[in-house]
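Protein chains in written order, with the numbering used here: chain C, 820 to 1226; chain Y, 39 to 526.
Glycine included, C-beta positions come from ideal geometry on N, C-alpha and C.
Owing to the predicted nature of the structure, the values given are computational and were not obtained by experimental measurement.
The structure appears below as structure tokens.
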């Protein structure tokens, strides 16, 4: 695509990147075909091609004051699910482009007070496991008094078993040593997932230790709170780098939203001279649990006579381009998988999206749940805490992390 | 003529018949609609409208007819000829929201759909019944059936299964006067003049498509994909003729030239022989014995034409790999150059080698590289001109070169479009293709449906004035004075 940026803009780091990305786009419109929001509104502005145009215009036009509001509205509506990157035949790096767009457009725009407060609250509560737990405890008490739409969003309390019930003998010697993070929302809402992960890995010869890192930084990054995000990331890098250069082989993450973001540290921190190198190291050493799927020993005592609809999170299938590994493992374990129509589309969770763009999000959720339930599965499985909670709020079928069906 | 109406007043009129957020008024909102997939032509419309029902479309058209406002209908905006380029005084009518599949009739093997349904979505909906919709333009994931009808789109498999025209059974068309015409039906023939055929490929100039009934086909029993490499492009061209004249109709028969082969090898490594001057990809389909006989026959023909390698894909994966390179060839070429300009012309197959050589000469003359990847079986060329839009003047050279290639097609007895339509891109070449009398007839047909020229005005059929001006200027020499002057 032809671009006409000023030489000054192209000389900036972001300018050079924007120009390079845009020059790859041929405006073919394939991306719109798999964009969940374009499917809903049919408006070019709610598809990647239109958003690319908005970003291009913003940077080309020095008098873009008038357009900020409209641009910002449509950039906010993007789920960053990256289905468009999977579809794009020309390799346009839309995710990086929209991050730069959001950085410049959204931060130069004064949001309404209520919206600002909402975003701050979301960031401060959900980036901490403790505060999320507190919020959950309070809302669980108030649940009977809440409207059903809100009440359905509160996950049930999980009572963790005191002893592991595995029939598999845990290994005594480990071939590799990995660590995982306690994390934010998952630790508060579904702590059993980390336990199941540890159990699965350790019965397969991989030692897994849990460390007390609160958040990967994705939450702040999604909200374009970049200083906050970078500060979290720097702390993480300092801590994790030390672990990975001493005794641990890898950082293992079981929530694809987090693994996807940690793998992006390399891009997010590229302009930080002190951290760029280390960020690259962390990104390269981070693995998503699904990448180990075929190595894991299956717990023989679990009932496999069940049908499963698998929802592949966008951060897995588009963000990390990991496809079929979990499905293969579940089949191999003995479960039967049902077909899911439009499996490439986002469920509407998308980090903080479900809290900020409630209208779009609930429409996507409705479509997704209809498609997942079509063949009446016994269980819906997924690989990301955000999707898990979001889906569970709209279905009676239990939604589980896939590792709970293996460990 | 009615009194001219201001744009805000016009927007208010539309807000009475469609929701407010379905009326886009501000430049920032309109900007993403300023072009389709042919980005060289750009124009902001006065307004863009996003109706979500037939009733809303009818109400919009009524207002446009009353105030004499031009209408450009748009599906997914994937046209490569500028068919959905907005009109500066008109509205852009975005039909993407009309995306419902109304009926799949397995008895008659038809699907009835709204105009904004994506081409591939029809096949996906028909899949549970073992059926599919055959025309498969490269953009089938995104392009809409309404757009396919406007452009009479083709695709890789149209050699055997026909263009859009051959796969549409019925249309509901809204005229500019607000009348709904029901053309065709679930039968193969209907009495009277064939107005259905007239609509297909009419580039949105005769009416607005409201509903489409397409023919569905059962999936072929089995497929075989072959690759043949040649060290001489002439021999590859002759082999294509050999296959067809021996009574074989492949489902697809594609040719890639050396530049394209090298680009795709670099891009996705499909395993094409990189020393070849050209390769053919041939897909055959049918029942077991029929298919085997065809494969043997085609092998024989390819060897007779001195193919340096003939390969038959052993399984589905290998077949997909052979297709992968062909399907990725445009992005692969995009990797060699910041911009490319994809042409679309058709020639009698016997002239393939001669035309490819002439294209190569034109490429040298203008100093821009041209790659060729095309539907060899039906002689539908897609010369791809590689250029850089950020270098001043290079787009103009690319367009000039493209124009000369199309005129070359006409000279050897071919046409200036195979499947992309004329749009705004090939208006000049229409003057080369058709005589004054023929163009006058086209205008008379347009006037019969749309007297005041409100539907997609300025597209597909050039004005006689434009042709006269071009004729006097010897366009076929490719030297057009004052190329900057608008010539619509």
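| query | result |
| --- | --- |
| What residues of chain Y sit near residue 847/C, judged by a beta carbon separation below 7 Å? | 75, 116, 177 |
| Is there a C-beta anywhere in chain C that falls below 8 Å from the one on residue 324/Y? | no |
| The alpha helix (DSSP H) spanning residue 1021/C covers which residue range? | 1011-1021 |
| To test your reading of the DSSP string, which unbroken alpha helix (DSSP H) runs of 4 or more residues are found completely within the segment 1038-1108 of chain C? | 1045-1064, 1075-1082, 1084-1087, 1095-1104 |
| Give me the Cα-Cα distance between residue 1152/C and residue 1207/C, rounded to the nearest whole angstrom. | 21 Å |
| So for residue 823/C, helix, strand or coil by DSSP? | coil |
| Quick check on the burial criterion: 16 or more other C-beta atoms within 10 angstroms. Buried or exposed for residue 284/Y? | exposed |
| Measure from the alpha carbon of residue 1073/C to the alpha carbon of each residue in 869/C, 1029/C, 1197/C, 1055/C, then state which is nearest. | 1029/C |
| Distance, Cα to Cα, residue 914/C vs residue 1226/C? | 34 Å |
| Would the segment 395-407 of chain Y and the segment 317-326 of chain Y be scored as touching if the rule is three or more Cβ pairs under 8 Å? | no |
| To be precise: take each residue of the segment 849-874 of chain C, compare its Cβ to all Cβ atoms of chain Y, and keep it if any distance is under 9 Å. Which residues remain? | 849, 850, 851, 852, 853, 857, 858, 860, 861, 862, 863, 864, 866, 868, 869, 870, 871, 872, 873 |
| Assuming the contact rule is C-beta atoms closer than 8 Å, residue 411/Y and residue 298/Y should be a hit. Round their C-beta distance to whole Å, please. | 4 Å |
| At what residue ranges does the segment 1127-1197 of chain C contain a whole run of the alpha helix (DSSP H), taking only runs of 4 or more? | 1133-1136, 1144-1152, 1172-1175, 1177-1192 |
| Please confirm whether residue 861/C and residue 135/Y have their CB atoms less than 8 Å apart. | yes |
| Can you give me the Cβ contacts of residue 986/C inside the same chain, cut-off strictly under 8 Å, excluding the 5 residues immediately before and after it? | The predicted position of residue 986/C is uncertain, since its pLDDT is 47 and thus under 50; a value taken from the coordinates is nonetheless stated next. Correct list, in chain order: 1118, 1119, 1120. |
| Entirely within the segment 310-375 of chain Y and at least 3 residues each: give me those beta strand (DSSP E) ranges in chain order. | 316-324, 347-350 |
| Over the uninterrupted alpha helix (DSSP H) stretch that includes residue 196/Y, give me the two end residues. | 196-199 |
| Which same chain residues, not among the five before or five after residue 96/Y, have their C-beta less than 7 Å away from its C-beta? | 212, 216 |
| What's the C-alpha gap between residue 874/C and residue 231/Y? | 50 Å |
| Taking the alpha carbon of residue 110/Y as the point to measure from, which residue in 350/Y, 244/Y, 385/Y has its own alpha carbon closest? | 244/Y |
| Let me confirm a value: residue 42/Y is counted as buried when at least 16 other C-beta atoms fall within 10 Å, else exposed. Which label applies? | exposed |
| How is residue 1006/C classed by DSSP in three states: helix, strand or coil? | helix |
| Please list the terminal residues of the continuous beta strand (DSSP E) segment that includes residue 291/Y. | 290-295 |
| Does DSSP put residue 1213/C in a helix, in a strand, or in coil? | coil |
| 8 Å is my cut-off, CB to CB: does residue 399/Y come that close to chain C? | no |
| Taking the alpha-carbon positions, what's the residue 829/C to residue 843/C distance? | 15 Å |
| Where do the ends of the alpha helix (DSSP H) carrying residue 392/Y lie? | 390-404 |
| Against chain Y, with Cβ distances strictly below 8 Å, would residue 876/C count as a contact? | yes |
| Would residue 961/C and residue 1002/C qualify as a contact pair, given that the criterion is a beta-carbon distance under 8 Å? | no |
| Mind checking the segment 56-76 of chain Y against chain C and listing, in chain order, the residues whose C-beta falls within less than 9 Å of any C-beta there? | 59, 60, 62, 64, 65, 66, 67, 69, 70, 71, 72, 73, 74, 75, 76 |
| Ends of the beta strand (DSSP E) at residue 171/Y? | Counting along the chain, residue 171/Y falls outside any beta strand (DSSP E), and DSSP gives it neither H nor E. |
| Can you name the start and end residues of the alpha helix (DSSP H) that residue 857/C belongs to? | 855-860 |
| Hey, how far is the Cα of residue 179/Y from the Cα of residue 847/C? | 11 Å |
| Please report the straight-line C-alpha distance between residue 1065/C and residue 1107/C, rounded to a whole angstrom. | 21 Å |
| Can you tell me whether residue 918/C is helix, strand or coil according to DSSP? | helix |
| At a Cβ threshold of 8 Å, is residue 835/C touching chain Y? | no |
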